[in-house]
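Taken in order, these protein sequences are the chains called A and B.
In this note's numbering, each number is its position in the first sequence, counted from 1, plus 283.
In this note's numbering, each number is its position in the second sequence, counted from 1, plus 238.
Yeah, the Cβ is synthetic: ideal placement off N, Cα and C, and Gly gets one too.
Source: prediction; values computed, not measured.
Take a look at the structure below.
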Amino acid sequence: MSQVENPSPAHSDEGPQVASVASYLKSNVREYGLLIALIVVMVFFQVVTDGILMKPLNLTNLILQNSYIVIMAIGMLLVIVAGHIDLSVGSVMGFVGALAAVMIVNYEMNYVVTIIICLIVGVAIGALQGFWVAYYKIPAFIVTLAGMLSFRGLTLALLNGQSIGPFPTGFQKLSSGFIPDLFGVGRPHMLTIVLGVVLSIFLLYASWKDRTERDKFGNLEEPFSFFVLKNLLIVFAINYLSYIMAGYRGYPNVLIVMAVLVAAYGFLTSSTTVGRRIYALGGNVKAAKLSGVNTERLTFLTFANMGLLAAFAGLVFAARLNTATPKAGYGYELDVIAAVFIGGASTTGGVGTVTGAIIGAFLMGVMNNGMSILSIGIDWQQVIKGVVLLAAVIFDVYNKKKAG
Amino acid sequence: MEHSTPSIPFFKNNNDCLLEADMNTILEMRGITKTFPGVKALSDVNLTVGEGEIHALVGENGAGKSTLMKVLSGVYPHGTYEGDIVYKGEVQSFAGIPDSEEKGIIIIHQELALVPLLSIAENIFLGNERAKKGVINWRVAHSEAEMLLKIVGLNKPTGTLVTNLGTGQQQLVEIAKALSKEVKLLILDEPTSSLNEKDSEALLELLLEFKSKGISSILISHKLNEVVKVADKITVLRDGQTVSTLDCDKTEEMENRIIKDMVGRELTNRFPQRTPNIGDMLLEVKGWNVYHQIHADRHLIRNVNFNVRAGEIVGISGLMGAGRTELAMSIFGRAYGQKISGEVQLRGQPIDVSTINKAVANGLAYVTEDRKEYGLVLENSIKVNTTLSNLEGVSKGIVIDDNAETRVGLEYKQKLNTKCSGLMQQVVNLSGGNQQKVVLSKWLFANPDVLILDEPTRGIDVNAKYEIYTIINQLAQEGKGIIFISSELPELLGMTDRIYVMNEGRIVGEMPTQEASQEKIMRMIIKDKG
């Protein structure tokens, strides 16, 4: 491996494969740049808001406010990696919330049954759209634009133009509930702190194991000092955030759900055959097809999955507002799509990560929250968000050009 | 080739030069050095082209031919390279392509730059419209386009959309476009690489005709037989340096001399030796019929029967459009066409090839003629591309075992001698030959019984070709059946045991390779037409 016959510009170090910290950071600037941007933005708002940003109540609210965007961003990431787009998610989210309200409030159905039915409806909606995209090659932009209009209309029809609520407490817990403190102290919330510690130990173990395995197969690029620094930062961040949230009411239920989803989809995209094939078909659909990848079915499933997550987000949103309104989810598809692109996904498909999309979503969330605290009007908030999105993608394209 | 040559304004000045054509120098590139960060792509290269001369530029991939032409045409503007370009006696400083085009230097790239959904006339005058104050005079445009088409020998209405033309015809449109700009020096980058023998022939004839009109050409080509046939002079580049400039004497030894200069050593044999060890019947295709992908009434493949035995390399030759790729892709999981009928048998048993997955599972593999479009996920790493067809082979359930995948990647990298900076290198950064090795790695890891290789050495340099041939021979030795589709007859004659000849969707001949010759194959095709 030391014989480099055809040196690529990105990888010109000689001798051992492990790069220096500086050159490693440079060649992975996209991944870490985003994280650094998030930290910088958080520190900035922490300072200018006189510490309000990281107050326990505000941090908890920040997570609750962004949970539905994060949940949908996971599904959208897969859609975008596969080379498509889904404009209907905001409307689908509103529609499912409305459906839940009608079932629970008007027809007094059990909320567990309602949740299950609503998720199935979400999958069906996604599948219906995916069917046209995958098997009839109708551009996703058109199919989901139609979906966006139709489901917005259906939401209005279902709600008769009015808000329906409130929901029973059990249903509200989906979004506004917190995990119980098994240790019974209440404040600070001990279970939250313990979970934070357990999670960090698990992450440390997993990344150490991964590193030694990579080392064994000469697959190692990350410098050791960088590895230590990165893990210290992650552990610090987890425990610091846990500590703050323990000062309020502990982890919200929805955070646990989000964490599970992120872990599951992170694994799906990075380590499974299904995930790999979605990336391949997004990168070059013809080559993937001729390599035996069932591109139609995967595209179909990607959209069905998007429907599932949009429905779930709709339930979380309705539970959080404790009411279903005709305006629910209005324009959210754009926030979700922006989060995925800020997170480094390629507009042509084949590139992007779940972590990136999540960080992208939180980057937007922190900016929303921080600017609201500073009482910057919604007008300028939109302008700033727009500029950030454009800047992120310009940065991406510029980087790619430099590397190529 | 007959071209009626009407007297038209495009050649107006050139006839005068005819008498002294060989004496005058139109272009002299002196001491050109071009450096990219970390790489010296060209180092002190000299190239002299006489007026009315066909000058061939040959060299392996990466020797610097394209870079040199980019310097000449202004893609790399004046100031980004060292050395002088003297054109028509003056030192030029081109800032971009428009500058060089204005002086009559026109380059036609390997990848054609035509807009498929515009007409021939619209393409010819694109960027150079026959217009007054932005309003196009279509009457003039079409009549001029018609004249140009006459010169290049393309008999099509000027309103025809380019997408409806074959590759060879599109090439002619490109040349017509060059002529519309009053070309003095025409640069053709691999013009015949995607043409069949007949179209190539016609194109070369056209170059000779231009020569007689005083237009100079620089011809970049891997096909040495063509080079020797038409070129007056040949400049050989190797590793960014001029190795030699030869007077072309159109003899047999010429080719060998060029190859020697290109690779820096004598290639005694262009094809590796193999003692055929042919076993039992492996794959049999019977009564195969395919209709066009979109136009359901076009019967593309008509009642084709063929077979390949274990350890046998079977060639399929034919002109472009004979249906070879369509035949191969339709067998490979119906990747092409509709209303497909017929039977495929493996070792005497009928197998299901109705989807690509089933075809792969039943032991077929298809290496595409267009590896960038259909063979590779260019932005992905070598590792990811290698396992794409057989992810199950490195997975437990649906979970990919990263280490197993790395092991497989390394194994095939070593086995095929893929030159790269590491398994994680993106395949887009590899040379053509190494990209092809990644495609082959992918299919070898899927462990097929029969490999269909569609133009496996297209756009690959001499050394890498030899390596690919060696790999193919090894596969045959391991008892796999190889179906070898190629437009280069010498390659088929050098590599195969048996050759099928295809024309217009039918198999029109079959012969053992020992009894085959280029003339015999061409005669079969022509006779079939008549």
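- If you draw a straight line from the Cα of residue 387(A) to the Cα of residue 440(A), it is about 17 Å long.
- In chain order, 520, 521, 546, 584, 601, 602, 603, 718, 719, 720 and 721 place their CB closer than 8 Å to the CB of residue 688(B), counting only its own chain and leaving out the 5 sequence neighbours on each side.
- Taking 7 Å as the Cβ-Cβ cut-off, the segment 553-573 of chain B approaches chain A at 573, given in chain order.
- The criterion of a C-beta distance shorter than 8 Å is not satisfied by residue 387(B) and residue 409(B).
- With 16 or more other CB atoms across the displayed protein chains lying within 10 angstroms of its CB, residue 415(B) is buried.
- Residue environment analysis places residue 526(B) among the buried positions, since at least 16 neighbouring C-beta atoms fall within 10 angstroms of its C-beta.
- At least 8 Å separates the CB of residue 585(A) from every CB of chain B.
- The criterion of a C-beta distance shorter than 8 Å is satisfied by residue 614(A) and residue 373(A).
- Chain A places a beta carbon closer than 8 Å to that of residue 614(B), counting this residue as a contact.
- In this structure, the beta-carbon distance from residue 474(A) to residue 465(A) falls below 8 Å.
- For residue 340(B), the closest Cβ of chain A is not nearer than 8 Å.
- Beyond the five residues adjoining it in sequence on each side, residue 603(A) comes within less than 7 Å, by CB distance, of 347, 458 and 459 in the same chain, given in chain order.
- The residue from 435(A), 402(A) and 362(A) with its alpha-carbon nearest to that of residue 422(A) is 362(A).
- An exposed status is given to residue 445(A), since fewer than 16 other beta-carbon atoms sit within 10 Å of its beta-carbon.
- Around residue 636(B), the beta-carbon contacts reaching into chain A at under 7 Å are 555, 556 and 557.
- Beta-bridge partners assigned by DSSP to residue 526(B): 542(B).
- Contact with chain B is absent for residue 682(A), since none of that chain's Cβ atoms lies less than 8 Å from the residue's Cβ.
- Not flagged as an interface residue toward chain B: residue 546(A), since no C-beta distance is shorter than 8 Å.
- Residue environment for residue 370(A): buried (at least 16 other C-beta atoms within 10 angstroms of its C-beta).
- Contact of residue 634(A) with chain B by beta-carbon distance below 8 Å involves 617.
- Proximity of chain B to residue 653(A) at the Cβ level (cut-off 9 Å) is not reached, the minimal Cβ distance being about 35 Å.
- Only those residues of the segment 586-600 of chain B whose C-beta falls short of 7 Å from the nearest C-beta of chain A are listed: 594, 595 and 598.
- The segment 647-657 of chain B and the segment 578-598 of chain A do not touch, with fewer than 3 CB-CB distances between them shorter than 8 Å.
- Residue 347(A) sits in a helix when the DSSP states are folded into three classes.
- With 16 or more neighbouring CB atoms inside 10 Å of its own CB, residue 438(A) falls in the buried class.
- By the C-beta density criterion, residue 618(A) is buried, having at least 16 other C-beta atoms within 10 angstroms.
- Within the same chain, and ignoring the five residues on either side of residue 462(B) in sequence, the residues whose Cβ sits closer than 6 Å to its Cβ are 493 and 496.
- Under the Cβ distance rule, residue 658(A) does not count among the residues neighbouring chain B, no pair being separated by less than 8 Å.
- Each of 292(B), 740(B), 618(B) and 457(B) was checked against the Cα of residue 539(B), and the nearest Cα belongs to 740(B).
- By the C-beta criterion, the segment 572-582 of chain A is judged not to be in contact with the segment 380-394 of chain A, since fewer than 3 inter-stretch pairs fall below 8 Å.
- With a cutoff of 8 Å on beta-carbon distance, residue 653(A) and residue 328(A) are scored as near each other.
- Secondary structure at residue 476(B): strand, using DSSP grouped into helix, strand and coil.
- The Cβ of residue 602(B) sits no closer than 8 Å to any Cβ of chain A.
- If you look at residue 625(A), you'll find it in the alpha helix (DSSP H) that goes 615-625.
- The distance from the Cβ of residue 597(A) to that of residue 359(A) is about 14 Å, inconsistent with a contact at the 8 Å cut-off.
- Against residue 577(A), the close residues of chain B are 593, 594 and 595, in the order they occur along the chain (beta-carbon pairs closer than 9 Å).
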